[in-house]
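What follows is a set of notes on a single structure, which appears directly below.
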Amino acid sequence: MIKRIIVLVIAIQFAGCAELQKIASQLPNGGLTQAQIGNGLRQALDQGISNQVTKLTSTDGFYRNELVKILLPEELQAVDKGLRQIGLGNLADEGIKVLNRAAEDAVKTATPIFVNAVKEITFNDAKNILLGEQNAATSYLQSKTNQSLYISFSPVINESFAKVGADKIWSNLITRYNSIPFVKSVNPDLTAYVTEQALKGVFTMIEIEEKGIREKVGLRSTALLKQVFALQDNR
266 MIKRIIVLVI AIQFAGCAEL QKIASQLPNG GLTQAQIGNG LRQALDQGIS
316 NQVTKLTSTD GFYRNELVKI LLPEELQAVD KGLRQIGLGN LADEGIKVLN
366 RAAEDAVKTA TPIFVNAVKE ITFNDAKNIL LGEQNAATSY LQSKTNQSLY
416 ISFSPVINES FAKVGADKIW SNLITRYNSI PFVKSVNPDL TAYVTEQALK
466 GVFTMIEIEE KGIREKVGLR STALLKQVFA LQDNR
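Going by our numbering, the first residue of the sequence shown is number 266, and it counts up by one from there.
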């Protein structure tokens with residue numbers, strides 16, 4: 266086992282595709298082809314998208330999840346505090362809730378973008394992901410999709426603000442706050458802020474699933490996932 270670990274460490278540092286395949290053939294799960302290793306990583310990402318990202322699209326998917334709940338930006342924390350001080354705490358709470366509702370709507374557009382990115386994984390990508398950091402798959406997906414997701418999320422969030430009444434609620438909130446004597450007036454770009462926070466939440470949840478697959482054999486839901494991640498286990 267020690268010999269195998271040493272061989273694998275050297276491979277991480279110096280090897281290319283052929284070397285990784287050679288190592289795969291030396292491990293207990295037997296030889297894996299380039300296609301199998303690539304497909305195993307695709308399955309891992311698909312599992313993360315299916316198990317975690319879809320949770321965010323449900324009602325309260327963001328709002329009741331403390332890991333990704335969208336709170337107010339620093340600029341608006343004064344708004345929240347000011348409204349609560351004058352007895353408008355319920356209005357402040359509703360303002361936070363509708364921001365999260367907009368994010369939940371936007372994430373529904375993410376799956377096709379993720380699917381396309383997962384399909385594009387090359388064997389070299391798979392090698393780097395498999396033998397990389399605990400969040401290597403998530404980082405790959407983020408690098409491939411972040412820009413497209415931002416473009417996709419932003420108009421949906423803008424439309425969602427109108428659908429869930431967030432535009433009116435926040436117009437009222439900010440008008441009320443700006444009318445408080447001696448406060449500094451604010452006029453934040455909430456669409457941009459919620460878009461950025463929604464993206465952060467998506468990748469947070471995918472990273473959680475990836476870490477689980479890497480650390481817990483029981484979360485590897487297919488035979489191929491078990492075989493492919495056995496390579497990582499024996500590093």
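All C-beta atoms, glycine included, are put in the ideal place defined by N, C-alpha and C.
Residue range Phe388 to Leu395 is occupied by the alpha helix (DSSP H) that includes Asp390.
Taking all protein chains in view, the Cβ of Arg307 is crowded by 16 or more other Cβ atoms within 10 Å, so the residue is classified as buried.
Under the three-state reduction of DSSP, Asp325 is assigned to coil, being neither helix nor strand.
Counting along the chain, Ser436 sits inside the alpha helix (DSSP H) bounded by residues Ala431 to Asn443. Annotated three-state conformation of Ser450 is coil, per DSSP. Relative to Ala367, the option among Arg479, Ile422 and Lys320 whose CA is nearest is Ile422. Annotation note: the stretch 335-419 contains the following uninterrupted alpha helix (DSSP H) runs of length 4 or greater, listed N- to C-terminal: 339-350, 354-372, 375-384 and 388-395. For Lys476, the three-state secondary structure derived from DSSP is helix.
Under the three-state reduction of DSSP output, Arg485 falls in the coil class, being neither helix nor strand.
Just so you know, the alpha carbons of Phe388 and Ala371 end up roughly 31 Å apart. Cα atoms of Ser436 and Gln462: separation of roughly 20 Å, rounded to the nearest angstrom.
Ranked by Cα distance from Ser425, the first of Leu364, Gly483 and Tyr405 is Leu364. Distance from the CA of Ser323 to the CA of Glu369, rounded to the nearest whole angstrom, comes to 7 Å. For Asn330, no alpha helix (DSSP H) segment is defined, and its DSSP state is neither H nor E. The stretch 335-351 and the stretch 310-323 do not touch, with fewer than 3 CB-CB distances between them shorter than 8 Å.
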